[in-house]
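Q: Basically our numbering = 1-based index in the sequence shown + 97. All residues carry an ideal CB built from backbone N, CA and C; glycine is no exception.
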Amino acid sequence: MKNKYLASEVNTSQGNYRVIVGKSILNLLGRELEYAGIEKKKCFIIADKSMFPKKVKLLHETMESFGYRTNTFSLELNEENKNYNSVSKIYDWLSTMKAERKDFIVSFGGGVAGDIIGFAASSYLRGIPYIQVPTTLAAMTDAAIGGKTAYNLDAGKNLIGSFNQPKLVFEDLDFLNTLPIREKNSGWAEAIKHALISDEKLFEEFENNKKVIINLDTEYAAEILKKSVRIKAQVVSKDEFERGQDRIKLNYGHTIGHAIEKVTKFKKYLHGEAVSIGMMVSIYISLNLGLVNIDSVKRQKNILNSYGLPTNDKNLNAEELIEAIRMDKKNVDGNVQWILLRNIGEAIIEGNVSSEIVKSSISKIIG
Ligand SMILES: NC(=O)c1ccc[n+]([C@@H]2O[C@H](COP(=O)([O-])OP(=O)(O)OC[C@H]3O[C@@H](n4cnc5c(N)ncnc54)[C@H](O)[C@@H]3O)[C@@H](O)[C@H]2O)c1
Ligand SMILES: [Zn+2]
98 MKNKYLASEV NTSQGNYRVI VGKSILNLLG RELEYAGIEK KKCFIIADKS
148 MFPKKVKLLH ETMESFGYRT NTFSLELNEE NKNYNSVSKI YDWLSTMKAE
198 RKDFIVSFGG GVAGDIIGFA ASSYLRGIPY IQVPTTLAAM TDAAIGGKTA
248 YNLDAGKNLI GSFNQPKLVF EDLDFLNTLP IREKNSGWAE AIKHALISDE
298 KLFEEFENNK KVIINLDTEY AAEILKKSVR IKAQVVSKDE FERGQDRIKL
348 NYGHTIGHAI EKVTKFKKYL HGEAVSIGMM VSIYISLNLG LVNIDSVKRQ
398 KNILNSYGLP TNDKNLNAEE LIEAIRMDKK NVDGNVQWIL LRNIGEAIIE
448 GNVSSEIVKS SISKIIG
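And the structure:
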């Protein structure tokens, strides 16, 4: 079925699904659900509290208008309560509502909502189908696509989870109109990251048309978002379980980004902001290794700054960051797999970077 808002189809072992991206497209949700093979049975919307009451009501009424008997549950979902307690509230509600395996769940919120609700959907009754309706830019560009679900333990983030692919990812930019600017900018970090690792032309569009893109209220902005989303969708299709080299490249800037989040106790920076500084360290490493020239470094710095993102922090401590990197769960046999740029638009993986180069690259974002 043709849909000009189709960003990509994601191909996975659990089935294929579409990612739809556009502005004011809620009226198209019904036929996308039909296309996804979701029968007109009961629908359980589980929504981030920030969507309550207006947007929840709108989605609820829209689902009813398509002929789905709809029930809605809102709960406060953020990083602090991305835990089993929230998952268990969802289980309790679904059981009270007598949800069955032939019904389906709508996850309506940011990345935390998607991760938690996706996990609940994978485990309740051994699995109920679900769709993602993301409401943050970070979730639209990244978290909602790919089927990784998770919640946190005291011991660390995302330690419990599953691969549970949604039946549909439906992204309407209208839902972003209440998103705080910092959250939006944090989402831009991931969207720009996609261009940096695999699409120089898209990077140029981000550079040249910032004014139109950043407000996210034009068809053109939706087109740009669509291109960025397509990159994530294609990587997932190639490397569903993160076994090969492709999906790892999405971690550009994340080794340092995670370290920054950790040493600042997840308080100072939003994820995308920390990744933004992390990407600067990665490109300085690339520069140190002679992979890119100084012009690329400047272009990356300029673009991140112009989308409201930080690129340095003189209060960070290099030793603390290096210690935090050592603890990263993504290390392979204690070795950091660095994602570096060979060019703007082309990432490579490098397992062999000396600690001197790492240190001197970190010093560039602290100095
Ligand atoms: N599954 C994956 O592949 C994947 C990838 C990246 C990140 N993640 C996860 O995503 C989470 C981060 O997601 P996020 O950045 O969307 O954060 P989030 O879900 O915490 O949302 C950020 C804040 O914005 C609020 N909010 C959401 N939509 C809003 C809107 N439209 N208007 C106003 N407020 C709104 C939320 O209530 C929250 O307070 C992390 O837990 C991370 O681990 C998962
Ligand atoms: Zn990220």
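(1) Would you call the CB atoms of residue 207 and residue 232 closer than 8 Å?
(2) Let me know if residue 319 comes out buried or exposed under the rule of 16 or more other beta-carbons within 10 Å of its beta-carbon.
(3) Which value, in whole angstroms, describes the spacing of the CA atoms of residue 257 and residue 338?
(4) Go through its chain and collect everything with a Cβ distance to residue 334's Cβ below 6 Å, but skip five positions before and after it.
(5) Roughly how many angstroms separate the alpha carbons of residue 294 and residue 195, rounded to a whole number?
(6) DSSP on residue 141, reduced to helix/strand/coil?
(7) Could you give the first and the last residue of the continuous alpha helix (DSSP H) run that contains residue 383?
(8) How far does the beta strand (DSSP E) with residue 393 in it extend, from its first residue to its last?
(9) Taking the C-alpha atoms as reference points, what is the distance between residue 281 and residue 234?
(10) Here's the rule: buried if 16 or more other CB atoms are within 10 angstroms of the residue's CB, otherwise exposed. What is residue 193?
(11) Does the beta-carbon of residue 287, which I'm using as the reference point, lie nearer than 7 Å to any heavy atom of ligand 2?
(12) Taking the alpha helix (DSSP H) that residue 303 falls in, what are its first and last residues?
(13) Got a sec? Which residues, its chain only, sit under 8 Å from residue 153 by beta carbon, not counting five neighbours each side?
(14) Taking the alpha helix (DSSP H) that residue 418 belongs to, which residues open and close that run?
(15) Where does residue 128 land, buried or exposed, given buried means 16+ other C-beta within 10 angstroms?
(16) CA-CA distance, residue 131 and residue 219?
A: The short version:
(1) Counted from its first residue, the sequence shown places residue 207 at position 110. Counted from its first residue, the sequence shown places residue 232 at position 135. A contact, by the Cβ cut-off of 8 Å.
(2) The count along the sequence shown starts at 1 and reaches residue 319 at position 222. So residue 319 counts as buried.
(3) Stepping through the sequence shown from its first residue, residue 257 is reached at position 160. Stepping through the sequence shown from its first residue, residue 338 is reached at position 241. So the alpha carbons of these two residues sit roughly 15 Å apart.
(4) Here residue 334 refers to the residue found at position 237 of the sequence shown. Contacts found: 107 and 108.
(5) Residue 294 sits at position 197 when you count from the first residue of the sequence shown. Residue 195 sits at position 98 when you count from the first residue of the sequence shown. So the alpha carbons of these two residues sit roughly 45 Å apart.
(6) The residue labelled residue 141 in the question sits at position 44 within the sequence shown. Strand at residue 141.
(7) As a first step, residue 383 must be located in the sequence shown, where it is residue number 286. Per DSSP, residue 383 belongs to the alpha helix (DSSP H) from 368-385.
(8) As a first step, residue 393 is located in the sequence shown; it is residue number 296 there, counting from the start. Here residue 393 belongs to no beta strand (DSSP E); instead the alpha helix (DSSP H) covers 391-403.
(9) Within the sequence shown, numbered from 1, the residue matching residue 281 stands at position 184. Within the sequence shown, numbered from 1, the residue matching residue 234 stands at position 137. When rounded, the distance between both Cα atoms is 6 Å.
(10) Translated into the one-based positions of the sequence shown, residue 193 becomes position 96. Classification for residue 193: exposed.
(11) Here residue 287 refers to the residue found at position 190 when the sequence shown is read from its first residue. Yes, the Cβ of residue 287 comes within 7 Å of a heavy atom of ligand 2.
(12) Along the sequence shown, read from residue 1 onward, the residue named residue 303 stands at position 206. Segment 297-305, the alpha helix (DSSP H) holding residue 303.
(13) Within the sequence shown, numbered from 1, the residue matching residue 153 stands at position 56. So the qualifying residues of the chain are 142, 144, 169, 171 and 205.
(14) Stepping through the sequence shown from its first residue, residue 418 is reached at position 321. Note, residue 418: alpha helix (DSSP H), 415-423.
(15) Residue mapping note: residue 128 aligns to position 31 of the sequence shown, counting from 1. Label assigned to residue 128: exposed.
(16) Looking up residue 131 in the sequence shown gives position 34. Looking up residue 219 in the sequence shown gives position 122. Cα to Cα, residue 131 sits roughly 21 Å from residue 219.
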